[in-house]
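Only one structure is covered here, and it is reproduced in the block below.
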Amino acid sequence: MTRDPRTDEQAQAAPGGPRNPPATDEHTTPNSGTYADLAAVGPYGVRPGHALITMVEPHPGQERAYNRWYEDDHYISGAMAMPWIFAGRRWVATRELQLLRRPARSAVARPVTAGCYLSTYWITEGRYDDHMRWTVAINRRLNADGRIHHARTHVFTAFHDHAATVYRDGDRGPRDFHALDHPYAGLVVEIIDAADADGRAALLRWLRDEWLPRRLAGSPAAMVTVFRPTPLPDDRMPYVRQVEGVDNRLTLLWFLQEDPRACWTPWFTGPDAEPAGPGGGRVELVAPFLPTVPGTDRYVDELR
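Here it is, written out as structure tokens:
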């Protein structure tokens, strides 16, 4: 049998590394018929009605250990293996990309360069409550079993409700439910705060109907998905802080067909890149990322 040191001795020794759980354990499992009952009722469409967007900063010296823990264990056990998550993608910001972020003083990332890893997940529309019950329970179990890497800081972690998707090419090309599986070359996260809830509604309409279609025309972005953050449950894990701006914030994901470094200046800087619409919108973060390369530590040595 071939042994992989990353997932055997080293993984067990790393903070939060998997402890080689047995194929079957002592936990009580429901009757298998329960799963058939659950599958027979409730929403089961393909729309990304909700999203988990989480930007994390591994503590200094923990970059490689964090990357391996997240990819080798938590991405699966703490996300993709859960009910109603149907797509996921990890992204990374090298130091070069971190230095492109704006504004210099951000209400989201302090400092604005914090948060070099980003994970994005789509959740089936109408299954938010079901998923949240599972995610709280599984993270408590993972924590109790020593499978959480605590040497990290959650810079921005929020579940969201889908608000809009705007496409550059109309009905041609991948849809939003394909976005996390399609091999996009980059992603830009943009977070905008309106003055209040009414202002957010007006800002959303303007972004969806006017500004985003205009900005996408001829751009390297194939689509932009827009989300509204939702509060985390009171029984969330204590290392994840409560979500800010749930009444007035919008989170935009720009899916790029080019490396963000190649298109940053013409498309994401300058007055044309500022959505100065109704609702008193204030940009609190614009941050570019590259897709990670699964199964590797590519970019780990470029984070500092």
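The sequence shown begins at 800 in this note's numbering and counts up by one. Ideal Cβ positions, reconstructed from N, Cα and C, are used throughout, including at glycine. If you're wondering where the values come from, they're calculated on a predicted model, not measured in any experiment.
Query                                                                                                                           : Result
Top-ranked residue by Cα proximity to T923, from W1010, D1046 and H849                                                          : H849
Three-state secondary structure (DSSP) of P847                                                                                  : strand
Sub-9 Å separation of L899 and R1060 beta-carbons                                                                               : yes
Top-ranked residue by Cα proximity to V907, from E989, P1019, W1053 and S1018                                                   : E989
C-beta contact flag for P1019 and V891 at 9 Å                                                                                   : no
Cβ neighbour criterion (16 or more within 10 Å) applied to Y834                                                                 : exposed
Contacts around R889, its chain only, beta-carbon distance under 6 Å, and the 5 residues preceding and following it disregarded : S918 and T1091
C-alpha gap between P1077 and H949, whole angstroms                                                                             : 41 Å
T1029 and H959 closer than 9 Å at C-beta                                                                                        : yes
Pick from G914, A886, D975 and I875 that is closest to I937, judged by C-alpha positions                                        : I875
Beta bridge counterpart(s) of Y865 as assigned by DSSP                                                                          : Y865 is not bridged to any residue.
Spatial neighbours of F762 in its chain, beta-carbon cut-off 7 Å, leaving aside the 5 residues before and after                 : For the chain, the structure presents residues 800 to 1103; residue 762 sits outside this window and is missing.
Backbone secondary structure at T1091 - three-state DSSP                                                                        : coil
Inter-stretch contact (C-beta, 8 Å, three-pair minimum) for the stretch 901 to 915 and the stretch 961 to 976                   : no
With 16 other Cβ atoms within 10 Å as the buried cut-off, status of N1105                                                       : Given a span of 800 to 1103 for the chain in the structure shown, any question on residue 1105 remains unanswerable.
Alpha-carbon spacing of P820 relative to N830, whole angstroms                                                                  : Note on P820: pLDDT 48, under 50, position unreliable in the model; the coordinate value appears next. Those two C-alpha atoms are separated by around 21 Å.
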